[in-house]
Amino acid sequence: MNTPYNTGKVEIGKYYQKPYYVEQDDDMLAIQGWLIGDNKQAKRERIADLIYCCTLVATVFVSIICTLD
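For any residue, its number in the numbering used here is found by taking its place in the sequence shown, counting from 1, and adding 4.
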């Protein structure tokens, strides 16, 4: 228990509580990133998914163009 510093008129630190420990692992941060939308790892994964989709569409488009000739 913290004993507050008493100045005579004000008790400094009377209601201070130590911050709670929150365990953070990769899964929890990834889920929070997807829900909140500001996680760097989630942004990288979205960009990677976008690049994959664009590459897939371009490959299908080129293969269709090549079969028409």
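A virtual CB, placed ideally from N, CA and C, is assigned to each residue, including glycine. Just so you know, these numbers come straight off a predicted model, no measurement behind them.
Work out the CA separation of residue j and residue i for me, nearest whole Å.
| i | j | result |
| --- | --- | --- |
| GLN45 | THR59 | 21 Å |
| TYR25 | ALA34 | 19 Å |
| ILE51 | VAL66 | 22 Å |
| GLY41 | ASN10 | 45 Å |
| ASP29 | THR63 | 37 Å |
| GLN36 | LYS47 | 12 Å |
Tell me whether the beta-carbon of residue i lies closer than 8 Å to the beta-carbon of residue j.
| i | j | result |
| --- | --- | --- |
| GLN22 | PRO8 | In the sequence under discussion, the amino acid at residue 22 is Lys, which differs from the Gln named in the question. No; because the gap between Cβ atoms is not below 8 Å, this pair is not in contact. |
Strictly under 8 Å for the Cβ-Cβ distance: is residue i near chain C by that measure?
| i | result |
| --- | --- |
| TYR19 | In summary, chain C is missing from the structure at hand, where a single protein chain is found. |
Within the continuous alpha helix (DSSP H) that includes residue i, where are the two ends?
| i | result |
| --- | --- |
| TYR31 | The question names Tyr, but residue 31 in the sequence shown is Asp. Note, ASP31: alpha helix (DSSP H), 30 to 40. |
| GLN45 | 44 to 72 |
Would you list the one or two residues that DSSP bridges to residue i?
| i | result |
| --- | --- |
| GLU15 | ASN10 |
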